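Okay, so here's the structure we're looking at.
There are 2 protein chains.
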Amino acid sequence: MDERQALTSFAALSQETRLAIVRTLVVAGPGGLAAGLIAERMGVSPSNVSFHLKELERSGLIAQRRESRSIVYSASYDALADLVKFLMEDCCAGHPMIREGMQRPDGCCKAAAARSEGDIVA
Amino acid sequence: MDERQALTSFAALSQETRLAIVRTLVVAGPGGLAAGLIAERMGVSPSNVSFHLKELERSGLIAQRRESRSIVYSASYDALADLVKFLMEDCCAGHPMIREGMQRPDGCCKAAAARSEGDIVA
DNA sequence: TCAATGATTCAAGGATTATTGAACAATGGA
DNA sequence: TCCATTGTTCAATAATCCTTGAATCATTGA
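Protein chains in written order, with UniProt numbering: chain R, 1 to 122; chain A, 1 to 122.
As structure tokens, then:
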């Protein structure tokens with residue numbers, strides 16, 4: 001991810017409705033949600049949600065596809081991963097002080113290590 | 001980190017000069033850099049850099065301290081780590097597809113991420 | 001105290017972004 | 001074909017943000 005795309009991604013996420021849309025679409029999964037459904041959940045007008053969806057698509061954070069009468073939007077997991085990566089590695093220079101704050105609370109690494117040794121993880 | 005702070009942090013990073021300042025300060029380390037030096041490196045006027053530094057401080061991503069005649073700015077590593085964390089866990093719901101793109105250099109969690117892939121299937 | 005240095009604040013402007021409602025386009029069923 | 005459904009686009013307004021230069025504040029040394 002280059003800097004230009006990072007800038008537009010940050011801009012996309014800096015608006016309340018758009019951040020809420022992204023969070024909703026991430027949870028919704030690859031199946032995505034129709035524009036009308038998103039508008040309803042966000043409590044905004046169709047034209048307003050359309051404006052924000054277009055912004056998000058322009059940034060690459062979400063994708064759209066037509067499905068019959070509906071236009072279905074879904075999160076671009078790759079783009080989101082790229083953004084996290086950019087923030088951690090490019091922007092924050094892979095700084096130890098920041099990586100340290102990123103210990104995974106789910107015990108992911110411990111579980112992975114345990115599994116590789118054939119143990120059962122609770 | 002709450003949503004409100006995430007929004008202002010994203011807004012802060014969505015501007016070219018400010019993103020450059022953050023990157024510069026992260027590399028500069030805890031010692032930080034004086035405002036004048038930052039202005040010089042960014043190639044912008046003192047008043048303009050002051051404006052952006054204030055925005056960044058308001059978002060909590062950087063901190064300031066006076067040091068003799070200079071005002072020295074430094075990166076808030078905690079805030080940056082919190083933002084990465086928010087993006088990964090709150091915003092992206094700790095989604096495996098996104099975590100996967102975030103392998104640490106040692107490949108620690110590769111196995112666990114691969115195993116979790118099934119979670120996203122609706 | 002005075003002058004010089006380093007930086008912020010303020011006001012004015014220009015530019016970008018957000019919101020609203022009306023008009024328009026695409027799809028699928030009767 | 002006609003119509004209802006589903007979304008988008010457009011134009012106008014409102015709100016925010018960015019830039020600039022002049023004025024101001026704080027600190028230090030002579």
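Don't be surprised by glycine CBs; every beta carbon is placed ideally from N, CA and C. What you are looking at is a predicted structure, and each value in this text was computed from that prediction instead of being measured.
Annotation note: the segment 53–109 of chain R contains the following uninterrupted alpha helix (DSSP H) runs of length 4 or greater, listed N- to C-terminal: 77–85 and 96–100. Distance from the CA of residue 92 (chain R) to the CA of residue 85 (chain A), rounded to the nearest whole angstrom, comes to 13 Å. Taking the CA atoms as reference points, residue 4 (chain R) sits about 31 Å from residue 43 (chain R). As far as DSSP is concerned, residue 35 (chain R) takes part in no beta bridge.
The Cβ-Cβ distance between residue 100 (chain R) and residue 81 (chain A) falls below 9 Å. Straight-line measurement puts the Cα of residue 34 (chain R) at about 49 Å from the Cα of residue 65 (chain A). Residues of chain A whose Cβ lies closer than 7 Å to the Cβ of residue 16 (chain R) are, in chain order, 7. Between residue 20 (chain R) and residue 58 (chain R), the C-beta spacing is not below 9 Å. The shortest C-alpha to C-alpha distance from residue 56 (chain R) to any of R:41, R:98, R:15 and R:47 is the one to R:15.
Contacts with chain A at 9 Å (Cβ-Cβ) include residue 81 (chain R). Around residue 69 (chain A), no beta-carbon contact reaches into chain R at under 8 Å, the shortest distance being about 28 Å. In the structure shown, residue 5 (chain R) adopts helical secondary structure according to DSSP, grouped into three states. Residues of the segment 31–53 of chain A with a Cβ closer than 9 Å to any Cβ of chain R: none. Neighbours of residue 10 (chain R) in chain A, taken as residues whose beta carbon is under 9 Å from its own, are 9, 10, 11, 12, 13, 14, 15 and 19 in chain order. For the C-beta of residue 77 (chain R), the chain A residues within less than 7 Å are, from N- to C-terminus, 95, 97 and 98. Around residue 72 (chain R), no beta-carbon contact reaches into chain A at under 9 Å, the shortest distance being about 13 Å.
Ranking R:87, R:61, R:50 and R:77 by CA distance to the CA of residue 71 (chain R) puts R:50 first. When secondary structure is reduced to three states using DSSP, residue 30 (chain A) falls in the coil class, being assigned neither helix nor strand. Around residue 45 (chain A), the same chain offers 39 as residues with beta carbons nearer than 8 Å, after the five sequence neighbours per side are excluded.
Around residue 66 (chain A), no beta-carbon contact reaches into chain R at under 7 Å, the shortest distance being about 23 Å.
Restricting attention to A:10, A:31, A:2 and A:6, the CA atom closest to the CA of residue 67 (chain A) is found in A:31.
Residue 76 (chain R) is positioned such that its CB atom lies no closer than 9 Å to that of residue 98 (chain R).
Residue 3 (chain A) has a beta carbon lying within less than 9 Å of a beta carbon in chain R.
Straight-line spacing of the CA atoms in residue 2 (chain A) and residue 41 (chain A) works out to 33 Å.
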